[in-house]
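Taking it in order: structure first as structure tokens, then the write-up.
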Amino acid sequence: MKIPFLDLKQVNAPYMDALKDAASAVVESGWYIRGTYCERFEKEFAAYSGFAHGVGVGNGLDALTLMLRASIELGHLAPGSEILVPANTYIATVLAVNAAGLVPVLVEPDERTFNIDPQRLADACTEKTRGILAVHLYGRLADMKAIGEFAKTRDLLLFEDAAQSHGARFNACAEMPADSKSAEAGMKSAAVAYSFYPTKNLGALGDAGMVLTDDAELARVVRMLGNYGSEQKYVNRYRGVNSRLDEIQAAFLLAKLPHLDAWNERRREIAARYVREVHNPLVRLPEIPADPREHVWHVFTVRTPDRRVRDALQKYLEARGIGTLIFYPIPPHLQQAYAAGPEGGAINGAMDVLLPANPKFPIAEAMGETVLSIPVSQVLTDAEVTEIIGALNEFVC
1005 MKIPFLDLKQ VNAPYMDALK DAASAVVESG WYIRGTYCER FEKEFAAYSG
1055 FAHGVGVGNG LDALTLMLRA SIELGHLAPG SEILVPANTY IATVLAVNAA
1105 GLVPVLVEPD ERTFNIDPQR LADACTEKTR GILAVHLYGR LADMKAIGEF
1155 AKTRDLLLFE DAAQSHGARF NACAEMPADS KSAEAGMKSA AVAYSFYPTK
1205 NLGALGDAGM VLTDDAELAR VVRMLGNYGS EQKYVNRYRG VNSRLDEIQA
1255 AFLLAKLPHL DAWNERRREI AARYVREVHN PLVRLPEIPA DPREHVWHVF
1305 TVRTPDRRVR DALQKYLEAR GIGTLIFYPI PPHLQQAYAA GPEGGAINGA
1355 MDVLLPANPK FPIAEAMGET VLSIPVSQVL TDAEVTEIIG ALNEFVC
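When we follow this note's numbering, the leftmost residue of the sequence shown carries the number 1005, and every step to the right adds one.
Shown next as structure tokens:
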């Protein structure tokens, strides 16, 4: 039995007629940028996610960058301000902070959740710290209550990278949709950035992203920044970029959004089976949150005792026909882009502020050497899940 890590053709196949109809409708409309489909998806995804405003952009990286740039343009942040980010995140989070003219400061993750550790935030703060960018890694919501309460005590802005958490719900707002914020102190973000890259739980058929916020002025500035800094044609208030959600991608996403909750629930069922039925001491399983709605299992990531075992497990599963991926083998601070010297170095000249000499983040580095993600897509059959469980239980090293 061959089980790919993720088969996008199989993911989209049941909805092919709806996707073809969506594409045809856009083509026939004669309007391909920022039209009615984009407007509809912005409103529907914002409402689904519990926010007042949504602004479609070209991709997830732009969503992160533009929400931060808009905060600078509005005077909520100053250029060069420090933003706390998890040390084990995908590099896009760090790149966005730099691209906005801000300084990323890495904070070690909580080994239990893989998300930024709220207990380490205080030690990472300096007089230049102005914000926190929480990442809901692997589909599990970060501890937004603890992070938000800390941000409030330090008067810091709170942002979210929700590229992997479409449809996740805070247990304190049990009946509110994905990434909703309750009125309770410590749970309100200035803005949230989403990616709709094809592999996401809610994926387009190309690149796409969105910024969600309750701040009408922030949404307005994000929209202008993504349109060459312009609100009125040929009048440019800001030095913007070209980052707009295409009509055809918005139409695809509108067709898929009604199915997201069911897809996430199937992922939870698969994850629960893994946690319940895998009993190999060499395969360390992630925990299921007390409220399962806080996790949408964008990926199911296990850990091994060391890199040797991880690499052996990956090779073994490959031989069994089971696809795997590593998220992420090299943490941002060890990437060449952030290395000292002529071949690497600073973006915006800020790396000397970001990292001390010979930076060490042992938890993030250990994760890079020991994590392995196994299939968890909603299209997996029960038989395929059983095969994966059996393979994991039979692994020896």
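Backbone N, C-alpha and C define an ideal beta-carbon position, used for all residues, glycine too. Since we're looking at a predicted model, the values are computed, not measured.
Quick check on DSSP: helix, strand or coil for residue i?
i	result
T1169	It is Ser, not Thr, that sits at residue 1169 in the sequence shown. Coil at S1169, not helix or strand.
S1033	helix
E1235	strand
T1069	helix
S1028	helix
A1187	Summary for A1187: the model assigns pLDDT 33, below 50, so the residue's position carries little reliability, and this model does not support an answer.
Y1342	helix
L1329	strand
S1199	strand
T1217	strand
G1058	strand
E1112	coil
E1291	coil
L1160	coil
Q1382	coil
D1147	coil
I1120	strand
H1080	coil
V1107	strand
N1246	strand
N1063	coil
N1205	coil
N1284	coil
M1180	Reliability of the predicted coordinates at M1180 is poor, the pLDDT of 41 falling under 50, and no value is obtained from them.
G1348	Low confidence applies to G1348: its pLDDT is 47, below 50, so where it sits in the model is not reliable, and the reading given next is rough at best. Note: G1348 maps to coil in three-state DSSP.
Between which two residues does the beta strand (DSSP E) harbouring residue i extend?
i	result
I1007	Unbroken run through I1007: none, as it is neither H nor E.
L1376	1375–1378
T1305	1304–1307
R1134	1133–1139
E1086	1086–1090
Candidates the options: which alpha carbon is nearest residue i's?
i	options	result
N1231	E1221, G1135, R1224, S1247	S1247
V1400	V1383, D1315, K1260, L1125	D1315
L1137	A1150, A1223, P1108, Q1123	P1108
C1042	G1060, F1118, I1292	G1060
A1370	A1223, A1100, R1307, L1396	R1307
N1268	A1255, R1312, Y1238, L1384	L1384
D1219	E1388, E1153, R1288, G1054	G1054
H1263	L1012, D1011, P1336, P1018	P1018
A1091	L1099, F1009, L1317	L1099
P1366	R1324, P1335, A1259, T1069	P1335
Q1382	W1301, F1118, A1323, I1326	W1301
V1139	Y1201, I1095, L1160, Q1014	I1095
R1280	V1389, L1012, L1338	V1389
P1285	V1196, R1277, Y1201, V1313	V1313
D1011	L1065, G1327, S1377	G1327
I'd like to know whether the C-beta atoms of residue i and residue j end up nearer to each other than 8 Å.
i	j	result
K1128	H1299	Residue identity check: residue 1128 is Ala in the sequence provided, not Lys. It is not a contact, given that the beta carbons lie outside the stated cut-off.
L1257	F1045	yes
V1375	I1330	yes
G1372	Y1320	no
V1282	N1397	yes
H1057	A1223	yes
M1071	F1174	no
M1228	R1241	yes
V1030	A1255	yes
S1199	G1135	no
E1391	I1120	no
T1305	P1290	yes
D1454	T1117	Not covered by the structure: residue 1454. The range shown for the chain is 1005 to 1401.
V1303	Y1142	yes
A1275	P1113	no
A1266	G1064	no
If residue i sits next to residue j, beta carbons under 8 Å apart, how far is it from one beta carbon to the other, in whole angstroms?
i	j	result
Y1036	D1250	7 Å
E1221	L1078	6 Å
P1309	R1272	Wrong, their Cβ atoms sit about 27 Å apart, outside the cutoff.
A1194	S1075	7 Å
L1145	L1088	No, L1145 and L1088 are not in contact; Cβ-Cβ is about 17 Å, not under 8 Å.
K1132	A1167	26 Å between Cβ atoms; not a contact.
A1067	M1214	6 Å
K1260	L1317	Actually they are not in contact, since the Cβ atoms of K1260 and L1317 sit about 33 Å apart, beyond 8 Å.
If you follow the alpha helix (DSSP H) that residue i is part of, which residue opens it and which one closes it?
i	result
V1313	1311–1323
C1042	1040–1052
N1268	1264–1281
D1211	Unbroken run through D1211: none, as it is neither H nor E.
F1256	1251–1260
L1125	1125–1128
Using a C-beta cutoff of 8 Å, does residue i count as contacting chain B?
i	result
L1081	Looking for chain B here will not work: only one protein chain is present.
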